[in-house]
Amino acid sequence: MKDGTKEDYQLLAKLEKPYLAMTADRVMDELRRAGEDTLDGYKITRLQHGLQSGTRAERDGADIDWIVGALLHDIGDGLAPQNHDRMSAEVIRPFVRWDVSWVVEHHGIFQMLYYGRHYGWDENARERFRDHPCFDACAEFCERWDQSSFDPDYDTLPLEHFEPIVREVFSRKAYDPAVIREGVVSSLTGA
Numbered sequence: 001m002k003d004g005t006k007e008d009y010q011l012l013a014k015l016e017k018p019y020l021a022m023t024a025d026r027v028m029d030e031l032r033r034a035g036e037d038t039l040d041g042y043k044i045t046r047l048q049h050g051l052q053s054g055t056r057a058e059r060d061g062a063d064i065d066w067i068v069g070a071l072l073h074d075i076g077d078g079l080a081p082q083n084h085d086r087m088s089a090e091v092i093r094p095f096v097r098w099d100v101s102w103v104v105e106h107h108g109i110f111q112m113l114y115y116g117r118h119y120g121w122d123e124n125a126r127e128r129f130r131d132h133p134c135f136d137a138c139a140e141f142c143e144r145w146d147q148s149s150f151d152p153d154y155d156t157l158p159l160e161h162f163e164p165i166v167r168e169v170f171s172r173k174a175y176d177p178a179v180i181r182e183g184v185v186s187s188l189t190g191a
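Quick note on numbering: UniProt numbering labels position 166 of the sequence shown as 166, and the sequence is numbered without any gaps.
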């Protein structure tokens with residue numbers, strides 16, 4: 001890499017554009033893979049969980065960033081189950097608001113409120129983030145859209161319903177300050 005010229009790197013940037021433009025395709029493929037199996041002990045697939053979360057967000061009146069965040073909050077689970085929250089956040093971070101990626105990144109520790117005690121973990125571990133501006137949004141995200149989205153009988157919207165907004169979000173310019181809005185915390189429901 002250190003021997004590359006400016007012209008070499010300009011050529012690589014040009015050649016990488018088609019690959020970058022296919023990010024939404026890769027995200028959709030990963031979602032489909034998440035629907036291929038049910039993890040032992042769960043009544044639904046990882047895809048169904050994401051679809052339920054996205055459906056709940058949409059029905060609550062959330063905007064496109066929150067809906068995509070809810071849909072994809074566990075997309076990292078297939079490759080990184082021990083830190084899926086952080087991996088999922090990195091997938092969406094260049095394309096959604098700062099608060100959405102922060103919530104996705106931290107939802108795992110916030111979810112421990114519901115089950116941590118059963119493993120001997122600190123169910124209140126999220127309290128270390130109490131003073132963070134996104135604390136309430138993350139707590140609400142987990143309560144409304146994540147922990148409740150394991151219901152095999154829930155009337156869930158299909159993946160095809162969400163594909164246009166996934167493509168819209170991943171077609172944005174990466175790290176666009178007008179999208180990221182660092183430090184701004186938005187309402188989950190627009191209310």
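A virtual CB, placed ideally from N, CA and C, is assigned to each residue, including glycine.
W66, buried or exposed, once every other Cβ within 10 Å from all chains shown has been counted against 16:
With 16 or more other Cβ atoms within 10 Å, it is buried.
Pairwise C-alpha distance: V27 and R46:
C-alpha separation (whole angstroms): 14 Å.
Determine, using beta-carbon pairs with one atom in the segment 128 to 146 and one in the segment 106 to 114, whether at least three such pairs fall under 8 Å.
When C-beta atoms of the segment 128 to 146 are compared with those of the segment 106 to 114, three or more pairs fall below 8 Å, so the two segments count as touching.
Do A62 and T189 count as a contact pair if the criterion is CB distance below 8 Å?
Yes, the Cβ-Cβ distance between T189 and A62 is below 8 Å.
Which of helix, strand or coil DSSP assigns to N83:
Three-state DSSP puts N83 in a helix.
Rounded separation between V68 and A34 - CA only
Taking the straight line from one Cα to the other gives about 16 Å.
Just checking my contact of D85 with E105 at CB under 8 Å: how many whole Å lie between their CB atoms?
At roughly 6 Å, the Cβ-Cβ gap stays under 8 Å, so D85 and E105 are in contact.
How many Å lie between R56 and D37 at the Cα?
About 22 Å.
By DSSP, does P94 sit in helix, in strand, or in coil?
P94: coil per DSSP, three-state reduction.
Drop a sphere of 10 angstroms on the beta-carbon of D146, count the other beta-carbons inside from all chains shown, and report buried for 16 or more, exposed for fewer.
With 16 or more Cβ atoms within 10 Å of its Cβ, D146 is classed as buried.
L71 classed as buried or exposed, judged by whether at least 16 other C-beta atoms fall within 10 angstroms
With 16 or more other Cβ atoms within 10 Å, it is buried.
Run through DSSP, which three-state label would K2 get?
In this structure, DSSP gives K2 a state outside helix and strand, which the three-state scheme calls coil.
Under 8 Å by Cβ, that's how I've got R181 and W98 pegged, so tell me the actual separation to the nearest angstrom.
So it is a contact: roughly 6 Å between Cβ atoms.
Is R126 buried or exposed, if buried means 16 or more other CB atoms sit within 10 Å of its CB?
It counts as buried.
Cβ neighbour criterion (16 or more within 10 Å) applied to H161:
By the 10 Å Cβ count, H161 comes out exposed.
Please classify D74: is it buried, with 16 or more other beta-carbons within 10 angstroms of its beta-carbon, or exposed?
Buried, because 16 or more other Cβ atoms sit within 10 Å of the Cβ of D74.
According to DSSP, is C142 helix, strand or coil?
Under the three-state reduction of DSSP output, C142 falls in the helix class.
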